[in-house]
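Reading through the structure tokens given below for one structure.
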Amino acid sequence: MSSGDYRVMSVLTEHMGFPPITLIDEVINAVNEIMQKALVGLSDYLQRQRNNQLKALKGEDELLNEKEKEFENQNKLFSLHEIEAGLVLFDTLCHSNLDKNFDKFELYTLRNILTIPHDLVDGGWIRLKHHEHLDMLDQTRLGSREEDIQLKNLVGKINLELHLRKILQAQLAKAKTIVKSLSQYKRCVEGLLSAHANTKLTPDMVEKLRDNLDPMNENVYYLLTQVNEVVKQVLALNNKVMGSSGAPDPTEVRFRSTPRDVYIEDKTHMLLEKIGILQARKNARQLDKYH
């Protein structure tokens, strides 16, 4: 951000009482919330339609649970697997289009709506009411001072930190989604393992758990790939920010932690321990030592 942009943003922020980017973020968050509600409503609608089909097909037939696959193959019953897969694809498509168009919306709004021409601000033609009787500083003299250079450097560092924070928040959201998927997958596996050991699961519920896990190899590979991708992106980001050469060692990567970062890290470790991922990794390492 140039010094002119910084002065324009300062005037707008002081006038409105909040940074212009905050208004854009509120719009984006509101639309994302509406989209999530729409996706949940679509999922509920498809589930209700499938349940209605089941009721219509059931009638007096008590063996319907064993014939669900047959009815799905005959297109008489919506496939549960296809519903879930379709919703995932539709969700991905919606988020992709929203992100692409919101980037354009943000750029256009900041450049053409929530802005003031630089010459009007620099020339003192537009100023806040409590700045009316202040003399404007000579911009040529101000730009040559060491303090002005330091200020520009600080502004650049702040913008870099904000951009870094935005990227890390996106990676954190992706990591939380992966942890949620792993937790659900773990519950399904545990349900299947206990299906024949004093469990209250009905055969129909066990079959649904198998459907959620199928295909197992592809699902596990996909989740592992996503975890590796998040790790690689964070390491690459750290490599750029810290200015180190070569691929960094994951065990030596250190970001400057804030109190909020420490809090989030502690919560993450507690969550991973709760779902058993950390314990499983520790057991695997112990087995490797024995071998």
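Numbering follows numbering that gives the first Met the number 0, with no gaps: position 99 of the sequence shown is 98. C-beta atoms are modelled at their ideal positions from N, C-alpha and C, and glycine is treated no differently. No experiment lies behind these values; they were computed from the predicted model shown.
Please confirm whether Ile177 and Val226 have their CB atoms less than 8 Å apart.
-> Yes. Within cutoff.
What is the DSSP secondary structure of Leu127, reduced to helix, strand or coil?
-> Looking at Leu127 - three-state DSSP - the assignment turns out to be coil, as it is neither helix nor strand.
How about Ser170 and Val87: do their beta carbons lie closer than 8 Å?
-> First, the amino acid is wrong: residue 170 is Gln here, not Ser. No, Cβ-Cβ distance for Gln170 and Val87 is not below 8 Å.
Find the nearest neighbour of Glu13 within the set Lys179, Leu127 and Ile20, judged by alpha-carbon distance.
-> It is Leu127 whose Cα lies nearest to the Cα of Glu13.
Sorted by chain position, which residues of the same chain lie with C-beta nearer than 6 Å to Gly245's C-beta, five sequence neighbours on each side aside?
-> Any reading at Gly245 must be qualified, since the residue scores a pLDDT of 46, below 50, and its modelled position is unreliable; the value itself is stated next. Sequence-distant Cβ neighbours of Gly245 in its own chain, meaning closer than 6 Å and more than five residues away, do not exist here.
Could you work out which residue in Ile27, Arg49 and Cys93 is closest to Glu81 when comparing CA atoms only?
-> Relative to the Cα of Glu81, the nearest Cα in the group Ile27, Arg49 and Cys93 belongs to Arg49.
Pairwise C-alpha distance: Leu150 and Arg6 | Their backbone Cα atoms lie some 12 Å apart in a straight line.
Does the pairing of the stretch 108-119 with the stretch 89-97 give three or more beta-carbon distances under 8 Å?
-> No, they do not touch.
Can you tell me whether DSSP reads Pro19 as helix, strand or coil?
-> In the structure shown, the three-state DSSP call for Pro19 is helix.
Apart from the five residues on each side of it in sequence, which residues of its chain come closer than 6 Å, Cβ to Cβ, to Gln35?
-> Excluding residues within five positions, none has a Cβ falling inside 6 Å.
Can you give the Cα-Cα distance for Asp121 and Asp4, rounded to whole angstroms?
-> Linking Asp121 to Asp4 through their CA atoms gives a straight-line distance of about 10 Å.
Where the alpha helix (DSSP H) containing Lys75 begins and where it ends = No alpha helix (DSSP H) contains Lys75, which DSSP labels as neither H nor E.
Integer Cβ distance of Val30 from Leu97, believed to fall under 8 Å = Correct: roughly 7 Å between the Cβ atoms.
Supposed close pair Leu76, Leu41 - CB separation, criterion 8 Å | About 18 Å; that fails the 8 Å criterion.
Alpha-carbon to alpha-carbon, Ser180 and Ile148 = Ile148 and Ser180: Cα-Cα distance of roughly 48 Å.
Whole-number beta carbon distance between Val10 and Ile157, since they are thought to touch under 8 Å = For a cut-off of 8 Å, the C-beta gap from Ile157 to Val10 is around 18 Å, too long to register as a contact.
Between Leu56, Asn28, Gly85 and Gly16, which lies nearest to Phe101 when the distance is taken from Cα to Cα?
-> Looking at the Cα atoms, Asn28 is the closest of the given residues.
Roughly how many whole angstroms lie between the Cα atoms of Gln183 and Phe89?
-> Cα atoms of Gln183 and Phe89: separation of roughly 20 Å, rounded to the nearest angstrom.
Going by the CB atoms, is the gap between Leu56 and Phe70 shorter than 8 Å?
-> The criterion of a C-beta distance shorter than 8 Å is satisfied by Phe70 and Leu56.
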